[in-house]
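**Q** In this text, residue positions in the sequence shown follow the numbering used here: the first is 999, and each later residue adds one.
Think of the CB as a built atom: it goes at the ideal place given N, C-alpha and C, for glycine as much as any other residue.
A quick note: this is a predicted structure, and the numbers were derived from the prediction, not measured.
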Amino acid sequence: MHEILQPEGWAKPVGYANGVAARGRLIFVGGQVGWNGQCQFETDDFVGQVRQTLQNIVAVLAEAGAEPRHITSMTWYFTDKAEYLANLRGIGEAYREVIGRHFPAMAAMQVMALVEDRAKVEIQATAVIPDALGRPD
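1. Which value, in whole angstroms, describes the spacing of the CA atoms of alanine 1125 and arginine 1087?
2. Checking 8 Å against the spacing of the C-beta atoms, do arginine 1049 and valine 1119 come in under that value?
3. Taking its Cβ as the centre, do 16 or more other Cβ atoms sit within 10 Å of glutamine 1108, making it buried, or is it exposed?
4. Based on the DSSP output, what are the partners of valine 1018 in its beta bridges?
5. Quick one: what's got a C-beta closer than 7 Å to aspartate 1129's C-beta in the same chain, skipping five residues either side?
6. Between the alpha carbons of valine 1056 and proline 1102, how many angstroms are there, rounded?
7. So which of Ile1002, Glu1040, Gln1047 has the shortest CA-CA distance to alanine 1015?
8. Work out the CA separation of leucine 1024 and cysteine 1037 for me, nearest whole Å.
9. Assuming valine 1126 is part of the alpha helix (DSSP H), what are its boundary residues?
10. Pull up the CB-CB distance for phenylalanine 1039 and glutamate 1081, whole angstroms please, since I reckon it's below 8 Å.
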């Protein structure tokens, strides 16, 4: 559905793609945080907020008829790099539970703060639903 861009001779990335080529209907998901649909945080646990954030992305995608497999790019913002690194196993489990084994192009960065004070992570996503023939181009 999408073409993974992996330059010859480069080490294969783990958990993300270096690049993705796609053609079709574009879906832009604004930054989502780990609160529920009523804008209430149910946990301050880092992995719990990641799981909820990913579920929120999937819910927004569904409104456009898209699925996690259509995600081409994600940008992760978190407030504590050490907490992120300490929770990689749990983050991976939550990611596979919600998104599956689909790994788009990604960037991740620590920021000083997020707009929502209780938010520990915010994720923005882009998805592409292929054209009617299901071809990436």
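**A** Taking the structure as given:
1. 25 Å
2. no
3. exposed
4. For valine 1018, the beta-bridge partners assigned by DSSP are Ile1002.
5. Arg1021, Gly1022
6. 14 Å
7. Nearest of Ile1002, Glu1040, Gln1047 to alanine 1015, Cα basis: Ile1002.
8. Distance between the alpha carbons of cysteine 1037 and leucine 1024 is about 26 Å.
9. For valine 1126, there is no enclosing alpha helix (DSSP H); the enclosing beta strand (DSSP E) covers residues 1119-1128.
10. Phenylalanine 1039 to glutamate 1081, Cβ: 16 Å. No contact.
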